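A.B. asks: In our numbering, the protein residues as written are 43 to 406. For each residue, glycine too, the CB sits at the ideal point set by N, CA and C. If you're wondering where the values come from, they're calculated on a predicted model, not measured in any experiment. This is the structure I have questions about; it appears just below.
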Amino acid sequence: MSVFSHPEFLGHEGVGHEGVGHEGVGHEGVGHEGVHFVHDPASGLKAIIAIHNTVRGPAVGGCRMWPYADEGAALTDALRLARGMTYKSALAELPFGGGKSVIMGDSKRDKTPELLRAMGRAVDRLGGAYVIAEEVGTTVFDMDTVATTTKHVACTSAGSGNPSPYTALGVLRGIQAAVQYKLNRNAGDLDGVRVAVQGLGQVGYALRHSLKELGARLFVSDIAPDRVARAAKEFGATPVAPDAIFDTDADVFAPCALGGILDDRTIARLKARIVAGAANNQLAADRHGAMLAERGILYAPDYAINAGGVIEIALAKKGDATIRERVEGIRATLLEIFGRADAEHAPTHRIADRMAEDRFRRAA
Ligand code: NAD
43 MSVFSHPEFL GHEGVGHEGV GHEGVGHEGV GHEGVHFVHD PASGLKAIIA IHNTVRGPAV
103 GGCRMWPYAD EGAALTDALR LARGMTYKSA LAELPFGGGK SVIMGDSKRD KTPELLRAMG
163 RAVDRLGGAY VIAEEVGTTV FDMDTVATTT KHVACTSAGS GNPSPYTALG VLRGIQAAVQ
223 YKLNRNAGDL DGVRVAVQGL GQVGYALRHS LKELGARLFV SDIAPDRVAR AAKEFGATPV
283 APDAIFDTDA DVFAPCALGG ILDDRTIARL KARIVAGAAN NQLAADRHGA MLAERGILYA
343 PDYAINAGGV IEIALAKKGD ATIRERVEGI RATLLEIFGR ADAEHAPTHR IADRMAEDRF
403 RRAA
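Listed below in structure tokens is the structure:
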């Protein structure tokens with residue numbers, strides 16, 4: 043079935059699609075459990091909640107607010123992001139399934155407390171199958187507002203808070219693992235390694251701070267010029283125009299903005315021998331993972347390297363003190379993926395997929 047253009051979407055308060063499989067977004071063989079369309083005319087909320095899989099536990103995943111071009115783009119993003127969360131939580135062996143939500147709108151212009159409370163009510167109607175958290179375009183304070191209308195919320199200021207520092211720590215460990223593996227450096231050594239960071243938001247900021255401390259040379263880009271200027275001033279980073287970041291003569295390309303940035307055009311331009319960054323869904327399509335491997339570029343699968351935040355959500359909830367240790371474990375997971383990919387002559391993203399699928403299918 044096609045769930046891309048739902049003709050009634052704009053006119054209904056809520057439309058649920060349970061058990062739909064979907065085609066056309068590159069996720070062969072694994073359908074979503076449910077896709078829920080939300081429309082609240084009073085607050086102007088238009089959102090989609092996608093639940094991919096709840097076999098290992100509730101579908102935990104952030105709520106992205108973005109000015110999507112149309113509903114199809116929003117739906118594609120929600121479906122891909124939700125699937126990524128299933129794989130991320132399974133690979134990290136967390137008791138979570140995978141889900142994600144998207145709100146259509148400009149977070150700077152359209153976000154209001156009424157809209158966030160309406161989103162909380164929509165999440166609440168799902169009875170805990172989906173647990174909302176912060177993502178691009180939403181914040182810890184927004185989750186505090188959402189928490190006034192649902193208890194199925196993470197990343198509140200009274201809860202685990204902002205996941206970005208732990209995400210950045212995991213990405214740092216992932217970059218170190220990739221540099222050790224591909225560039226034959228000693229474990230952890232980043233001295234003089236040239237890193238091109240795309241996106242200087244919450245994760246990008248924390249990451250470039252640690253990279254600088256470890257002696258890496260930074261090249262930075264963002265569509266917000268003030269963020270680039272700040273990175274240049276604070277960290278001596280070399281500013282690069284947004285589109286030119288792919289051509290940067292760097293050792294590591296670290297995508298920390300939005301997804302879908304690794305495609306036929308950009309992969310052909312990459313000079314870096316490693317791709318390792320925080321962004322979700324970096325591959326425009328599944329085949330681009332193989333294309334990276336064919337070009338001899340080591341790809342740290344996105345949901346493996348960026349799991350630090352969801353690890354924190356899972357453990358902080360239980361008051362577990364081992365968060366840092368588990369996030370540090372991302373290094374070992376990636377070294378295992380890299381080793382198996384070489385041994386089995388397979389792209390790294392396929393190995394990660396197999397490991398994750400094994401974990402959530404075993405749970406089923
Ligand atoms: P953020 O919104 O704080 O930052 C994103 C930054 O990317 C912004 O500064 C934005 O201006 C910039 N940007 C957007 N398009 C760009 C482009 N074409 N070129 C250059 N810069 C561009 O988001 P964040 O929380 O730092 O997350 C970054 C990425 O990491 C997202 O893809 C997110 O889904 C993923 N991620 C984040 C976390 C987390 O804990 N925050 C966890 C896992 C994955």
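Taking buried to mean at least 16 other C-beta atoms within 10 Å of its own C-beta, is Ile265 buried or exposed?
C.D. replies: So Ile265 ends up on the exposed side.
A.B. asks: Taking all protein chains shown into account, decide if Asp184 is buried (16 or more other Cβ within 10 angstroms of its Cβ) or exposed.
C.D. replies: When all chains shown are included, Asp184 counts as buried.
A.B. asks: Do Ile145 and the ligand NAD come close, with the Cβ less than 6 Å from some heavy atom?
C.D. replies: No.
A.B. asks: Tell me Lys280's beta-bridge partners as DSSP assigns them.
C.D. replies: Correcting the residue type first, residue 280 is Thr in the shown sequence and not Lys. In DSSP, Thr280 forms a bridge with Phe261.
A.B. asks: Using 6 Å as the cut-off, classify the Cβ of Ala321 as near or not near the heavy atoms of the ligand NAD, replying yes or no.
C.D. replies: Answer for Ala321: yes, Cβ within range of the ligand NAD.
A.B. asks: Would Ala274 and Leu377 qualify as a contact pair, given that the criterion is a beta-carbon distance under 7 Å?
C.D. replies: Not a contact, by the Cβ cut-off of 7 Å.
A.B. asks: Quick check: what's the CA-CA separation for Arg122 versus Asn323?
C.D. replies: Roughly 7 Å separates the two Cα atoms.
A.B. asks: Between Ile309 and Leu334, how many whole angstroms is the CB-CB distance? I'm expecting something under 8 Å.
C.D. replies: Indeed they touch by this definition, with Cβ atoms about 6 Å apart.
A.B. asks: Would you tell me roughly how many angstroms separate the C-alpha atoms of Val373 and Gly212, rounded to the nearest one?
C.D. replies: In the sequence as displayed, the identity of residue 373 is Arg instead of Val. Approximately 8 Å, taken between the alpha carbons.
A.B. asks: On the premise that Val239 lies in contact with Leu249, defined as a C-beta separation below 8 Å, what is that separation, rounded to the nearest angstrom?
C.D. replies: At roughly 7 Å, the Cβ-Cβ gap stays under 8 Å, so Leu249 and Val239 are in contact.
A.B. asks: What are the uninterrupted segments assigned as alpha helix (DSSP H) that are 4 or more residues long and contained completely in the region 267-335, given in chain order?
C.D. replies: DSSP runs (the alpha helix (DSSP H)) wholly in the region 267-335: 267-277, 306-311.
A.B. asks: For Asp41, does the count of other Cβ atoms within 10 angstroms reach 16, so buried, or fall short, so exposed?
C.D. replies: As shown, the chain starts at 43 and ends at 406. That puts residue 41 outside it, with no answer to give.
A.B. asks: For Ile265, verify whether its CB is less than 6 Å away from any heavy atom of the ligand NAD.
C.D. replies: Indeed, a heavy atom of the ligand NAD lies less than 6 Å from the Cβ.
A.B. asks: Only counting the same chain, and skipping five residues up and downstream in sequence, which positions put a Cβ closer than 8 Å to that of Val182?
C.D. replies: Cβ within range, chain order: Glu176, Cys197, Thr198, Ser199, Gly203, Asn204.
A.B. asks: Do you know whose CA, among Asp166, Leu133, Leu256, Ala320, lies nearest Arg392's CA?
C.D. replies: The shortest Cα separation from Arg392 among Asp166, Leu133, Leu256, Ala320 belongs to Leu133.
A.B. asks: Please report the Cβ distance between Ala32 and Gly216, rounded to the nearest whole angstrom; I am assuming they are in contact, meaning their Cβ atoms lie under 8 Å.
C.D. replies: Summary: the structure shown does not reach residue 32, with the chain confined to residues 43 through 406, and so no result is reported for it.
A.B. asks: Pull the bridge partners of Lys142 from the DSSP assignment, please.
C.D. replies: In DSSP, Lys142 forms a bridge with Ala92.
A.B. asks: On the CB-based measure, 16 or more other CB atoms within 10 Å of its CB, does Arg311 come out buried or exposed?
C.D. replies: The residue is exposed, with fewer than 16 neighbouring Cβ atoms inside 10 Å.
A.B. asks: So what does DSSP say about Glu176, is it helix, strand or coil?
C.D. replies: Glu176: strand per DSSP, three-state reduction.
A.B. asks: What are the complete beta strand (DSSP E) segments, minimum 3 residues, inside the region 180-253?
C.D. replies: Counting whole runs of 3 or more residues, the region 180-253 contains the beta strand (DSSP E) stretches 236-240.
A.B. asks: For Gly73, name the three-state secondary structure that DSSP assigns.
C.D. replies: Note: Gly73 maps to coil in three-state DSSP.
A.B. asks: Do Trp108 and Gly169 come within 7 Å of each other at the CB atom, strictly closer than that value?
C.D. replies: No, Cβ-Cβ distance for Gly169 and Trp108 is not below 7 Å.
A.B. asks: Just how far apart, CA to CA, sit Ile347 and Val188?
C.D. replies: Using only the alpha carbons, I get a separation of about 28 Å.
A.B. asks: Does DSSP put Ala406 in a helix, a strand or coil?
C.D. replies: Looking at Ala406 - three-state DSSP - the assignment turns out to be coil, as it is neither helix nor strand.
A.B. asks: Distance, Cα to Cα, Val144 vs Asp306?
C.D. replies: Straight-line Cα distance between these residues: approximately 27 Å.
A.B. asks: Measure the alpha-carbon distance for Tyr129 versus Pro83 and round it to whole angstroms.
C.D. replies: In a straight line, the C-alpha of Tyr129 is about 34 Å away from that of Pro83.
A.B. asks: Taking Met408 and Ala111 to be in contact with their CB atoms under 8 Å, please state how far apart those CB atoms are, rounded to whole angstroms.
C.D. replies: A question about residue 408 goes unanswered here, because the residues of the chain that appear run from 43 up to 406.
A.B. asks: Which residues share a DSSP beta bridge with Met107?
C.D. replies: Bridge partners of Met107: Ile145.
A.B. asks: For Leu340, which residues does DSSP report across the bridge?
C.D. replies: Looking at the DSSP assignment, Leu340 forms a beta bridge with Ile316.
A.B. asks: Is Cys197 near the ligand NAD, judged by its Cβ being under 6 Å from some heavy atom?
C.D. replies: Result no, Cβ not under 6 Å from the ligand NAD.
A.B. asks: Any heavy atom of the ligand NAD closer than 6 Å to the Cβ of Leu242?
C.D. replies: Checking every heavy atom of the ligand NAD against the Cβ of Leu242, one is found closer than 6 Å.
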